[in-house]
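Structure first, then comments.
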Amino acid sequence: MILKEIAYFHSPFTSKFGVPKQSGLVDELEGTIEFASEFRNKDMLRGIEDFDYLWIIWQFSANPHAATSPLVRPPLLGGNEKVGVFASRSPFRPNAMGLSSVRLSRVDYTAEGGPLLYVRGADLMDGTPIFDIKPYVSLSDCHPEARCGFVDSHAIRRLSVTMPSHVRRLFTEEQLLALVKVLELDPRPHYHNDPSKTYGMPYAGRDVKFRVEGDRLLVVDA
């Protein structure tokens, strides 16, 4: 079986640093799906507007090395505990493929290079190749009573974000709201805990620089 790239994702994130580690964590984060030329066919999307959510099957294209270990360190466990690769959503897998549920905002059939899908809550970086798109169907895809392993016992930690006014003015209201939500999730590798270190995160054409002190994230420049 040969997988064919049917589309590419466009996002404010030009590197994987800062991208939410799961889809749906930052609903305010908008991206677009642009189809490869041979799939720019309106008929292939007929009826998609009637679905609120989509599944995206995509490639971890920014991973430079092949996965070799049967164990991985999920960020939710602090980067120190190991679980089996198939008991995780680690990007370092035998086949570097991701699966994300995203919210469909709208479809633009008339845009240049269209049709374009506008989606929210994705965990893909800019330029990510997409192999397939399927509608999310709650009848079969939603299991609210399901056990979720280590995820059930480890709440997502959110930081308090402080950002100076001169940095806030660099972004649109929508970009700013999504940026704050992303920073609340602590973009650093989870084994990093140096309050003196300044990190840089590419976002919307800017290099957002920040430090983390305890439960506070301080943006220093962009």
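Just so you know, we're using our numbering here: the sequence shown kicks off at 1 and counts up by one. Don't be surprised by glycine CBs; every beta carbon is placed ideally from N, CA and C. All of these numbers come straight from a predicted model, not from anything done at the bench.
Residue i and residue j closer than 9 angstroms at C-beta
| i | j | result |
| --- | --- | --- |
| Leu139 | Leu217 | no |
| Ile2 | Ile130 | no |
| Val85 | Val102 | no |
| Pro74 | Arg89 | yes |
| Ile133 | Ala7 | yes |
| Trp58 | Phe9 | yes |
| Tyr118 | Glu30 | yes |
| Ser23 | Gly121 | yes |
| Gly79 | Pro189 | yes |
| Lys181 | Val26 | yes |
| Pro195 | Val220 | no |
| Ala96 | Ser153 | no |
Those residues which DSSP pairs with residue i across a bridge
| i | result |
| --- | --- |
| Thr209 | The residue you asked about is not Thr; residue 209 is Lys in the sequence shown. In the DSSP output, where bridge partners are listed per residue, Lys209 has Gly200 and Asp221. |
| Val83 | Val72 |
| Gly98 | Trp58 |
| Ser90 | The partner list for Ser90 (beta bridge, DSSP) is empty, contrary to what the question assumes. |
| Tyr118 | Thr32 and Arg106 |
| Thr162 | Leu218 |
| His10 | Thr32 |
Exposure of residue i, with buried meaning 16 or more beta-carbon neighbours within 10 Å
| i | result |
| --- | --- |
| Met163 | buried |
| Val137 | exposed |
| Glu49 | exposed |
| Lys4 | exposed |
| Glu81 | exposed |
| Ala264 | Since the first residue shown for the chain is 1 and the last is 222, residue 264 is missing from the structure and cannot be characterised. |
| Phe150 | exposed |
| Ala257 | In the structure as shown, the chain starts at 1 and stops at 222, and residue 257 therefore has no counterpart that could be examined. |
| Phe51 | exposed |
| Leu183 | buried |
| Gly98 | buried |
- Can you list the alpha helix (DSSP H) stretches of 4 or more residues lying completely in the segment 129–153, in chain order? Counting only runs of 4 or more, we get 138–141.
- Could you tell me which uninterrupted beta strand (DSSP E) segments, each at least 3 residues in length, are contained entirely in the segment 22–79, listed from first to last along the chain? DSSP runs (the beta strand (DSSP E)) wholly in the segment 22–79: 30–35 and 53–59.
- Below 8 angstroms, can you find three or more Cβ-Cβ pairs linking the segment 74–83 to the segment 40–47? Pairwise C-beta distances place the segment 74–83 out of contact with the segment 40–47, as fewer than three of them are shorter than 8 angstroms.
- Looking at C-beta atoms only, is the number of pairs between the segment 15–33 and the segment 197–208 that lie closer than 8 angstroms three or more? The answer is yes - the segment 197–208 touches the segment 15–33, with three or more Cβ pairs under 8 angstroms.
- How about the segment 163–175 and the segment 110–126: do they share at least three Cβ pairs that are nearer than 8 angstroms? Counting Cβ pairs under 8 angstroms, fewer than three are found: no touch.
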